[in-house]
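For reference, the structure is listed below as structure tokens.
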Ligand SMILES: [Zn+2]
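Put into structure tokens, the structure is as follows:
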């Protein structure tokens, strides 16, 4: 039985917890770990 359902990887912002369903999500690496951040939290990340 073929499973034709697409499995979209659900990403979650590490900062506010929003998902890629609700906001564009970016992936980055920090200290060797893969992290996710939404575009709303990105400025916060940049400014430290
Ligand atoms: Zn966020």
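Numbering (my numbering), first residue to last: 19 to 66.
We put the CB at the ideal spot given by N, CA and C, even for glycine.
Bear in mind the structure is a predicted one, so any value in this text is a computation, not a measurement.
- For residue 56, same chain residues with a beta-carbon under 6 Å away, outside a window of 5 residues either side, are 31, 36, 41 and 43 in chain order.
- Its chain contains 37, 38 and 39 as the residues whose beta carbon lies nearer than 8 Å to that of residue 28, once the 5 sequence neighbours on both sides are disregarded; these appear in chain order.
- The beta carbon of residue 52 lies closer than 7 Å to those of 45 in the same chain, with the five residues before and after it left out.
- Residue environment for residue 59: buried (at least 16 other C-beta atoms within 10 angstroms of its C-beta).
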